[in-house]
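Chains as they are written, first to last, in the working numbering: chain X, 1 to 340; chain A, 1001 to 1340.
Even glycine gets a Cβ: it sits at the ideal position worked out from N, Cα and C.
These figures come from a predicted structure and were not determined experimentally.
As structure tokens, the structure follows; a few thoughts come after it.
Number of protein chains: 2
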Amino acid sequence: MTRITFDEMKATIKKAFVLAGMPEDKADICARIHTESSCDGVYSHGLNRVERYVEYIHKGWIDVNAVPILDMNLGAMEIYNGNMGPGILNAQFAMNRATEIAEKNGLGLVSLNNTTHWMRGGAYGWQAADKGFIGICWTNTESCMPAWGAKSGGIGNNPFIMAVPRKEGHIVLDMAMSQYSYGKLQVTRLKNQKLPYPGGFDNNGVLTDDPGAIEESRRILPMGFWKGSGFAVLLDIISSLLSGGLTTAGIDKFDKGSCGSCCQVFIAINPLKINTQEFIDKALGATVTQLKSSVPDRENGEVYYPGEQSMKTRNENVKLGIPVDDGVWNKVKELAGINS
Amino acid sequence: MTRITFDEMKATIKKAFVLAGMPEDKADICARIHTESSCDGVYSHGLNRVERYVEYIHKGWIDVNAVPILDMNLGAMEIYNGNMGPGILNAQFAMNRATEIAEKNGLGLVSLNNTTHWMRGGAYGWQAADKGFIGICWTNTESCMPAWGAKSGGIGNNPFIMAVPRKEGHIVLDMAMSQYSYGKLQVTRLKNQKLPYPGGFDNNGVLTDDPGAIEESRRILPMGFWKGSGFAVLLDIISSLLSGGLTTAGIDKFDKGSCGSCCQVFIAINPLKINTQEFIDKALGATVTQLKSSVPDRENGEVYYPGEQSMKTRNENVKLGIPVDDGVWNKVKELAGINS
């Protein structure tokens, strides 16, 4: 396994984006977010996603020069048209704006319509938490999962993020609505392994941990069966009604790539408007202590708080370099005009 | 199976609450919410919960005369002390207040600290939707589920609700963080049945659909495995930081019954501040159509939108009467001073 330093990966991705036509300052930010995703262990939306991102730019599915424009200002809530600009930049802008509103009043909500794939949703949770804010955000997507009770796709995989700032390490949940991603199924199948827990139905409608059988049936499992299915529907329609943008059904028709013209919601809350830092430290400390003091389900096991493993992976990858697939790395170097 | 009319059930529960010391107007509202829960098929938090509720009043764990008092006003966000008053009344008040704030600005958030069990969380989603608002709410609870990776309890089952108003029937998600409730395990075991899907781990740490084995190990499964576990943690700490109240760890120490001195968050959004009714109808219509047109996974199967089955059950129970367990019904009549 090859490991690449953070700086080399970022510089290479940036070159690829500049060559694809993105202004240098924007390419710099996008390259950082892709690199941070890989660095945190979310490989699917980091380096591995660069080639497809460049394709989308070439197809005209992302307007590298577009910026979000205010549609409506309702005080604590603002609505922006993302104008099909880079999803990362639009989402960063929106979460930042939500924190600016919350700075004043404690609470800010910013929604985006007509935006594009934000890559790793967790990035905007970490962003809010780094600034000292509670962050909640979600996006809708094209349909890619059967609803509960169906065997054909009909609902989005709509990631949902909640983040709470904490000195010793933010507490961050970043979850999509499927139990596993198709990326995870592929990786597991290529290793000739089974999934740790059932991840979908096979062509006979039987719940299975065989990744290949699920790739074939396209029946990935909503997390929590009917619960994740219902949650996906509500996240979808609320993001549309909060932004005036397309639902999953509309994104399907629009048909400009994954998350083309999707909607996103960003909520920021300033916990220091409500509590003292001492109260916050105590509340979060007691929660982490309670988690850490529960009995692990296996020998030498450990119970992690949400976000803890991302931080561990980040620290390791910053020190040792970020692991890459050689084929993917060479492809991105090629897109960056670098001879391997 | 005995069926009781809505009105008879409500009147009987009301008498039981009045006899327990609750003022008549408050007893009327609480009885209605309990009856509506049973009527919608949420039997565990309807009639079946009345006996325990009365016990809590007698133990002094609920102050039947307390009302929520404003702790802090931050514009779009208000924070109230629930003063250990009846959880149903506090929650109704809070969601109603959130809609009042949202009426003006589009968005309102009200949080409660020091409140008590709200019974069926979905009630407050339906309440917001009935008034034409999008409603989002959640509560924290005492710990009752092992976190992912643990075999002893440490996290709350923190229900989470999202509701969207729709003429033909609101779209409402009402989910706790465990895949199944202990109530569901008990009912399934008593019928000598297996759970439809795995619902926890047995004493050997093996995932199982045997309800009795899970009741024994106390290792109910968070929905979506690690996902529901992480979601529960974030709902808990955010409800505490938004209200200045106790986390799950604090509720455990406080030790005054299920959800004693818990925290709740209520968000209301006025979709008509952002969209025309025509846009809303189209967006929701397209989503329901897409769901309904997916291929069912079994012959004569049907794909439901979230909340649809509650509405069907409600309509049936209003027509035929609400099914009750005779033992439970007689007990509530006894508490109401009615000779069976």
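Anticipated Cβ contact below 8 Å, residue i with residue j, distance rounded
i	j	result
X/M145	X/P222	6 Å
X/N90	X/P23	Between X/P23 and X/N90 the Cβ distance is about 15 Å, and since that is not below 8 Å, they are no contact.
X/T99	X/A128	6 Å
A/F1231	A/M1177	6 Å
A/L1207	X/Y197	7 Å
A/C1263	A/S1111	7 Å
X/L70	A/I1274	Going by Cβ atoms, the distance from X/L70 to A/I1274 rounds to 13 Å, so no, they are not a contact pair.
A/V1328	A/L1019	Contact doesn't hold; Cβ gap of about 17 Å is too wide.
X/F29	X/I88	The sequence shown places Ile at residue 29 of chain X, rather than the Phe named in the question. With a Cβ gap of about 7 Å, X/I29 and X/I88 count as contacting.
First through last residue of the alpha helix (DSSP H) which encompasses residue i
i	result
A/F1254	1248-1254
A/V1233	1226-1243
A/D1130	1122-1130
A/V1187	1182-1190
X/I57	50-58
A/I1214	1211-1217
Inter-residue spacing [alpha-carbon to alpha-carbon] between residue i and residue j
i	j	result
A/F1017	A/G1321	22 Å
A/T1287	A/I1171	11 Å
X/R49	X/N140	19 Å
X/K184	X/C39	17 Å
X/G205	X/F225	13 Å
X/E299	X/G156	38 Å
X/G200	X/R219	6 Å
X/Y53	X/Q186	20 Å
X/D25	A/L1107	34 Å
A/D943	X/Y43	Absent from the structure is residue 943 of chain A, since the part of chain A shown begins at 1001 and ends at 1340.
X/L284	X/D210	38 Å
A/V1295	X/N114	29 Å
X/D255	X/S37	26 Å
A/N1203	A/A1213	7 Å
A/H1117	A/P1165	25 Å
A/N1081	A/K1059	21 Å
A/N1083	A/G1260	11 Å
X/G132	A/D1007	51 Å
A/T1005	A/W1126	21 Å
A/P1306	X/S229	9 Å
X/G337	A/E1103	55 Å
X/E308	A/S1239	20 Å
A/K1312	A/G1169	10 Å
Residues that DSSP places opposite residue i in a beta bridge
i	result
X/S143	X/G156
X/A150	A/P1296
X/P323	X/R3
X/P222	X/S178
A/I1161	A/C1137, A/D1174
Reduced DSSP secondary structure (H/G/I, E/B, other) of residue i
i	result
A/C1259	coil
X/D28	helix
A/D1202	coil
A/D1281	helix
X/A268	strand
X/T12	helix
X/T208	strand
A/Q1290	helix
X/R166	coil
X/L335	helix
A/V1042	coil
A/E1316	helix
A/A1020	coil
X/E302	coil
X/I101	helix
X/G87	helix
A/L1195	coil
A/A1094	helix
X/T276	coil
A/W1329	helix
A/M1119	coil
A/I1033	helix
Continuous beta strand (DSSP E) stretch holding residue i: start and end
i	result
X/D71	69-73
A/E1078	1077-1081
A/G1108	1107-1115
Any non-hydrogen atom of the ligand NAD within 7 Å of residue i CB
i	result
X/V328	Among the components of this structure there are no ligands whatsoever, and the ligand NAD is therefore not found.
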